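> Protein chains in written order, with the working numbering: chain Y, 654 to 916; chain F, 16 to 439. Glycine included, every Cβ here is placed at the ideal spot set by N, Cα and C. These numbers come from a predicted model, not from an experiment.
What follows is the structure, encoded as structure tokens:
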């Protein structure tokens, strides 16, 4: 697995890392909880036929500036700048988990900015009848199993690589968690349902069948919300043997589904 | 020195198998454990105990704020303080305190504290804690990443509301109010009631207290031995900032159980202490570290420092992991000071001097301690210990103590007369 090219863009005066790898038409990736502390096999799969561009959201590994963002509008505008500066305006966009909620916002609020859209277990909704679990109130030993069907996949994501700074690495991991919490505390509910109907991009909603954080039934709520507007071409698919971060559990299957949708 | 009588108001009837059957005393403690008819008696007993302490001459009575908490039945300490304002006369009322970021708008705190200050004739100490993760982020749903910024802004707003003479507009990052003009206004207006800050062991808090000239209070449940490193850190920082070692810059919480002999103290206080350190501190670790609650500077200090324990005392997870739950360890660890009056005198003098703390907040009721035992502990301490420790720090001026109205200017509160039901 070769490493991506690293560049840096500024959002509100703070650096955000952008990883680029592959060939072919561009596709953007906004990562889920934990961000991208390391490059992933899933992204390598996409990079075989697409130019993968993965900008780090403010506060995620490789980026700061989340502390400037006080409201959902602040966040949406920061992500918009990030998309523009990473060269992703008008490109296809894949977003997962917290990144999925922002990808959906981009497609709803700036429809010209997004080509085709894939949402992997996005945040943004909350159903009293089927409440999502709390990612920010978990014991250390329980968290991996909430993030992935195979908890070892999560552990591998956040384990310091050889040579990592032993002080800064754990701070960077907790910063990523803080950034997500800053945007989505306490329920993950950004009232996104009010804007789903504005999404014009052809959309695929993917959900791990073993997601214990956000119930897989939320996939239908997203699909129905998006199809309720001007969009009639939204589909929901389940990823077998996958948890919340399905792209960690089943990198090949998720990449295949994404590429099939993007065409 | 000042000896202050602090009540946490714990629910005293958590079942024996509480720790086995329930994951947490805090946040999601089950409502079936709460019997309002029993709580009626608990509240009244607790308020009797606070009033009793005031009668016996403690310098202050202290109350504090907790939410969804089986060891702290005061979501609103202001309600208790308001009652105490009428049932005490000269004792300072230390509300330790109101978690500023939980009030919307925060001017609510400025108003209620001003009310307490007016009713009591200027006896209020205004405590401004950030609040624990369990209270603020979980029970009250506050965003941990915004909590401290909101806290500091609310502080600015409350202070300005107390001191600004004219109606003003407040355009903050989180609070916007066109007309800020609180009525009533505090009696202590030169410039405002004393502000005390209960905090963990973070350097940022120490610096802020020094800059603002506030009292820093370290309210740990783990006593003077565990608190020593933190208080040394505080005084080292004061020295760096060019501040004097006036012990009244600091407050410290200490559990005490005094009896005629050490053995009698063990007999009396083992059960309530083990109830407190066992059941009352049985907090689910998943509520300990909401992301963003602990600043990156404090995290870094905690990871880097060879004396990591000092910084780590700021983090609730490490606080919870410290705990001993049997009386021998509780006493050996210094969580609870016990003994005969003379033994307690010796230990209190040692605590005050080694920590250099002029405001000692005493927990003389804890866990399921009965009203009788609490009153015994409170009286014996007042009669046999207090006179032998009051002389400490006499060379220093306490510039952070309430300045009430002169006695002649204060309202006469009629004595309370319980109505007797005439026998038929």
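How would you label residue 806/Y, buried or exposed, when you count the other beta carbons within 10 angstroms and need 16 or more for buried?
buried
> I'd like to check one pair, residue 359/F with residue 273/F: are the Cβ atoms closer than 8 Å?
Taking 8 Å as the cut-off, the beta carbon of residue 273/F is found closer than this to the beta carbon of residue 359/F.
> Kindly confirm or deny that the region 817-824 of chain Y and the region 866-877 of chain Y touch, where touching means at least three C-beta pairs closer than 8 Å.
no
> Looking at the C-beta of residue 807/Y, does it have a partner C-beta in chain F at a distance below 8 Å?
no
> Take the Cβ of residue 196/F as the centre, count every other Cβ of all protein chains shown within 10 Å, and call the residue buried at 16 or more, exposed below.
exposed
> Does the beta carbon of residue 723/Y sit closer than 8 Å to a beta carbon anywhere in chain F?
yes
> Alpha carbons only, please: which of 206/F, 279/F, 149/F is nearest the one belonging to residue 299/F?
Here the closest residue by C-alpha is 149/F.
> Under a three-way DSSP split, which group does residue 669/Y fall into?
strand
> Considering Cα atoms alone, identify which of 152/F, 315/F, 104/F is closest to residue 430/F.
104/F
> Does any residue of chain Y have a CB that is nearer than 8 Å to the CB of residue 158/F?
yes
> If you follow the beta strand (DSSP E) that residue 192/F is part of, which residue opens it and which one closes it?
191-195
> With 8 Å set as the bound, which would you pick, yes or no: does the beta-carbon of residue 302/F sit closer than that to a beta-carbon of chain Y?
yes
> Mind the definition here: the region 376-393 of chain F touches the region 65-83 of chain F only if three or more C-beta pairs lie below 8 Å; say whether that holds.
yes
> List the residues of chain A whose Cβ lies closer than 7 Å to the Cβ of residue 791/Y, in chain order.
Absent from the structure: chain A. Protein chains present are Y and F.
> With three or more beta-carbon pairs closer than 8 Å as the criterion, would you say the region 299-318 of chain F touches the region 31-45 of chain F?
yes
> What did DSSP end up calling residue 326/F once you bin it into helix, strand or coil?
Any reading at residue 326/F must be qualified, since the residue scores a pLDDT of 39, below 50, and its modelled position is unreliable; the value itself is stated next. In this structure, residue 326/F counts as helix in the three-state DSSP scheme.
> With a threshold of 8 Å between beta-carbons, can residue 750/Y be considered close to chain F, or not?
no
> So for residue 801/Y, helix, strand or coil by DSSP?
In the structure shown, the three-state DSSP call for residue 801/Y is coil.
> Between residue 314/F and chain Y, is there a C-beta pair that is closer than 8 Å?
Yes, its Cβ sits closer than 8 Å to a Cβ of chain Y.
> Report the three-state DSSP secondary structure of residue 96/F (helix, strand or coil).
helix
> Between the region 765-798 of chain Y and chain F, which residues of the former have CB atoms less than 7 Å from a CB of the latter, in chain order?
789, 790, 791, 792
> Could you pull the DSSP bridge partners for residue 41/F from this structure?
84/F.
> If contact is defined by three or more beta carbon pairs under 8 Å, each pair taking one atom from either stretch, is the region 239-247 of chain F in contact with the region 361-379 of chain F?
yes
> Does DSSP classify residue 734/Y as helix, strand or coil?
helix
> Any beta-carbon of chain Y closer than 8 Å to the one on residue 121/F?
no
> Mind checking residue 113/F: buried by the 16 CB within 10 Å criterion, or exposed?
buried
> From this set, 63/F, 107/F, 286/F, which residue's C-alpha is nearest residue 29/F's C-alpha?
Residue 29/F has its Cα closest to that of 286/F, out of 63/F, 107/F, 286/F.
> Let me make sure I understand the geometry here. Which of 83/F, 400/F, 176/F has the alpha-carbon closest to that of residue 125/F?
176/F
> Output, in chain order, the set of chain F residues within a Cβ distance shorter than 9 Å of residue 728/Y.
Within 9 Å Cβ-Cβ: nothing; residue 728/Y doesn't reach chain F, min ~12 Å.
> Enumerate, from N- to C-terminal direction, the unbroken alpha helix (DSSP H) stretches of 4 or more residues contained entirely within the region 263-316 of chain F.
The qualifying runs are 277-290.
> Taking Cβ positions only, does residue 188/F come closer than 8 Å to chain Y?
yes
> Leaving out the 5 sequence neighbours to the left and right, which residues in its chain are closer than 6 Å to residue 719/Y when beta-carbon positions are compared?
Excluding sequence neighbours, residue 719/Y sits near 711, 712, 832, 835.
> Residues of chain Y with CB under 8 Å from residue 28/F, in chain order?
Neighbourhood of residue 28/F in chain Y, by CB distance below 8 Å: empty, with the nearest CB roughly 27 Å away.
> Just tell me which of 916/Y, 910/Y, 900/Y, 908/Y has its CA closest to the CA of residue 686/Y.
900/Y
> Quick one: measure Cβ to Cβ for residue 137/F and residue 420/F, integer angstroms, because I've assumed they're closer than 8 Å.
5 Å
> Given this structure, state the Cα-to-Cα distance separating residue 700/Y from residue 898/Y, to the nearest angstrom.
Between residue 700/Y and residue 898/Y, the C-alpha separation is close to 19 Å.
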